[in-house]
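A short worksheet on the structure shown next.
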Amino acid sequence: MGKPTGFIDYQREEAKERDHLTRLKDWGEYQGRLTDEQLKTEGARCMNCSIPFCHTGIDINNQVSGCPLNNLIPEWNDLVYKERFEEALDRLLMTNNFPEFTGRVCPAPCEGACTVSINDDAVGIKNIERAIIDRGFEEGYITARIPKRRTGKKVAIIGSGPSGLSAADELNQQGHNVTIFEKADRAGGLLMYGIPTMKLEKAIVERRIKLLTEEGIIFKLNTDVGKDVLPEDLKRDFDSVIVCTGAETPRDLNIQGRELTGIHFAMDYLTKQTKSYLDEKDTPLSAAGKNVVVIGGGDTGADCVATAIRQGAKNVRQLAITPAFPNTRAEGNDWPSYPNVFREDYAHKEAKMIFKREVREFLTETHAFIDNGEGHVQALFTRKVEEISTETGVRFEKVDRGDDVIPADLVILAIGFVGPKRPLLERFGVELKNNRIDAEYQDFRTNVKNVFAAGDARRGPSLIVWAIQEGREVAKAVNAYLTSEKIEQYA
Ligand SMILES: Cc1cc2nc3c(=O)[nH]c(=O)nc-3n(C[C@H](O)[C@H](O)[C@H](O)COP(=O)(O)OP(=O)(O)OC[C@H]3O[C@@H](n4cnc5c(N)ncnc54)[C@H](O)[C@@H]3O)c2cc1C
Ligand code: SF4
């Protein structure tokens, strides 16, 4: 334990954010990182409690508590306090392939399970993680680790999101020859084209892809498996195939007026912005000068709000059918489960600065889009609802009040994802269950011989940290399969 009284002596300190008005003028990351002094004192705040729930990654009431990667958090906290930085980096990399991503965009379930958080602010674990890995890159500790021997086994991975990348990293280090097939023009999956640059600069993703390439992983970009390469070819040419195609099918809102122009899915909107930014072109789908309504109260919706503000939207509103979370943990949401409490995301803070009001409207259901007479959306009919608890969950009922009309020239649907796209899976003959690829955790095998699955395509829409975790685990299963003397037992 670093400093026995650290949690009493020091208050949590946040990494400095870039000034709101400056950061709105560019697409750079809004968050800074801890200074070396802050890193040390934040590490000192760790109590090294006898049972560190922060690294357990267990499921409580269908929500994760603690780090799904089982990151060795108390160990690196202690090491950064003692300024044994290189050892902290070694410990971090033992469990997490890509801390530069989680240290920026993970919602940090570890912090919700931190013992200090029972009656004080949690240790700033995520900020510590980012500071360790960023320094690791800056000080030249992260270099290509080229495997010393090759097994001669070939693995094809479909999809270069965090699950595909971590599976590739693990299998490559085990000496297998890994090829990643990616239909997009850049690798990274949602790290590249989902999460906006303000949260994760794309140079950070590209730096990792470059490193993985130097280590021997082959990336075949602009290659849509099912069209450009056939599943039969992969099954024939590779010893094993892993499907990491994500949960790409968006949830739609099939209400009156859905066919109007001006209504787009969040991923379409966000991808166009990032791609245009990287290609140094204007986006074909801009919110500039428009009344924008984002439907969906989650993080994807918040990313759309932040994007619309940077594009110069005239007005932005974000509608959620669900109620706002309470300011403190509600009954049943006790420590160490993930705290479902009201938060102000970066996007909401920025929106308040610009529009001088909270842009989120809760318990609001959209039930029709209104035509401007030329087939384009001009407004939404919304109504207020109340949440009713039932034996099986909750439902929403409209309250006795008239409709509201909200002007909108651009509507963005950010109401989640249904599951993986089907045509590829049908062509493979891979079975689905509840809109997810049917493959048991820890086994990860689909019903098709030699074909495994991981990440959002198997788990359902989730988080980067889970995708990395699934990638690591599926790699273990594939390695066991490839190195088994009796490969037939898996058939
Ligand atoms: C807008 C947005 C913001 C998010 N923000 C966060 C966040 O801040 N923090 C967080 O933890 N999580 C966030 N998430 C969730 C997180 O990004 C996902 O859980 C994670 O990326 C899933 O990883 P994956 O590897 O399973 O799939 P993905 O990242 O979806 O990658 C799948 C890849 O497969 C490729 N692919 C699909 N089909 C084919 C094919 N036939 N041939 C070739 N390639 C194919 C796709 O092009 C894609 O590159 C966000 C999600 C979205 C949509
Ligand atoms: S990966 Fe996420 S949950 Fe794990 S230590 Fe980092 S911030 Fe916490």
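Going by UniProt numbering, the residue at position 172 of the sequence shown is 172; the numbering climbs one at a time, nothing skipped.
Don't be surprised by glycine CBs; every beta carbon is placed ideally from N, CA and C.
Keep in mind that this is a model prediction, so the values were computed, not measured.
Can you check whether the CB of residue j is closer than 8 Å to the CB of residue i?
i	j	result
Ala454	Gly471	yes
Glu29	Glu201	yes
Cys67	Ala167	no
Gly460	Gly419	yes
Ile321	Leu363	yes
Thr306	Ala347	The sequence shown places Ala at residue 306, rather than the Thr named in the question. Yes, these two residues count as a Cβ contact at 8 Å.
Lys406	Leu425	The residue asked about is misnamed: residue 406 is Ile in this sequence, not Lys. Result no, Cβ atoms of Ile406 and Leu425 do not sit closer than 8 Å.
Glu129	Leu92	yes
Gly112	Ser337	yes
Leu380	Val293	yes
Glu350	Leu24	yes
Asp233	Lys183	no
Ile242	Val465	no
Gly246	Gly159	yes
Leu319	Thr366	yes
Gly226	Pro52	no
Ala131	Leu34	yes
Val359	Arg317	yes
Gly161	Ala439	no
Could you name the residues of the same chain whose beta carbon sits closer than 8 Å to that of residue i, not counting the 5 residues immediately before and after it, in chain order?
i	result
Glu214	Ala144 and Ile146
Phe137	Glu100 and Arg207
Ala491	Any reading at Ala491 is ruled out, since the residue's pLDDT is 46, under 50, leaving its predicted position unreliable.
Rounded to the nearest angstrom, what separates residue i and residue j at their Cα positions?
i	j	result
Ser389	Glu397	11 Å
Arg236	Asn96	32 Å
Asp404	Thr274	33 Å
Arg383	Ser163	39 Å
Lys314	Glu13	35 Å
Tyr441	Asn434	15 Å
Cys304	Tyr269	8 Å
Thr249	Lys40	44 Å
Pro74	His264	44 Å
Leu181	Val430	Note on residue identity: the sequence assigns Phe, not Leu, to residue 181. Each residue's alpha carbon lies about 18 Å from the other.
Thr446	Ala480	15 Å
Ile295	Asp90	43 Å
Phe85	Arg149	30 Å
Leu72	Glu87	12 Å
Leu253	Ser484	48 Å
Leu278	Thr197	10 Å
Which residues in the same chain have their Cβ closer than 7 Å to the Cβ of residue i, if we skip the five residues on either side of it in sequence?
i	result
residue 510	Nothing in the structure corresponds to residue 510, since the chain is present only between 1 and 491.
Ala44	Gly2, Lys3, Gly6, Tyr10 and Tyr81
Thr300	Ala266 and Ala414
Taking all protein chains shown into account, decide if residue i is buried (16 or more other Cβ within 10 angstroms of its Cβ) or exposed.
i	result
Gln489	With a pLDDT of 48 at Gln489, under the threshold of 50, the modelled position of this residue cannot be trusted; read the value that follows with caution. With fewer than 16 other Cβ atoms within 10 Å, it is exposed.
Val399	exposed
Ala330	exposed
Ile255	exposed
Gly188	buried
residue 509	Because the chain in this structure spans residues 1 to 491, residue 509 falls outside the shown range and cannot be described.
Arg208	buried
Ile118	exposed
Gln311	buried
Phe342	exposed
Glu259	exposed
Asp78	buried
For residue i, which three-state DSSP category applies?
i	result
Lys25	coil
Val205	helix
Glu37	helix
Ile255	coil
Val382	For clarity, residue 382 is Thr in the given sequence; the question names Val instead. If DSSP states are grouped into helix, strand and coil, Thr382 belongs with the strands.
Val341	coil
Arg91	helix
Lys199	coil
Gly419	strand
Lys352	helix
Asn435	coil
Asn177	strand
Gln489	Per-residue confidence for Gln489 stands at a pLDDT of 48, beneath the threshold of 50, marking its modelled position as unreliable; the derived number appears in the next sentence. In this structure, Gln489 counts as helix in the three-state DSSP scheme.
Arg472	helix
Gln273	helix
Val294	strand
Val478	helix
Pro250	strand
Please return the same chain residues whose Cβ sits closer than 6 Å to the Cβ of residue i, not counting the five positions on each side in sequence.
i	result
Asn222	Asp185
Lys153	His176, Asp239 and Leu482
Ile142	Gly136
Taking 7 Å as the cut-off, does the CB of residue i come closer than this to any heavy atom belonging to ligand 3?
i	result
Pro52	Judged by which ligands are present, ligand 3 is missing from the structure shown, whose ligands are ligand 1 and ligand 2.
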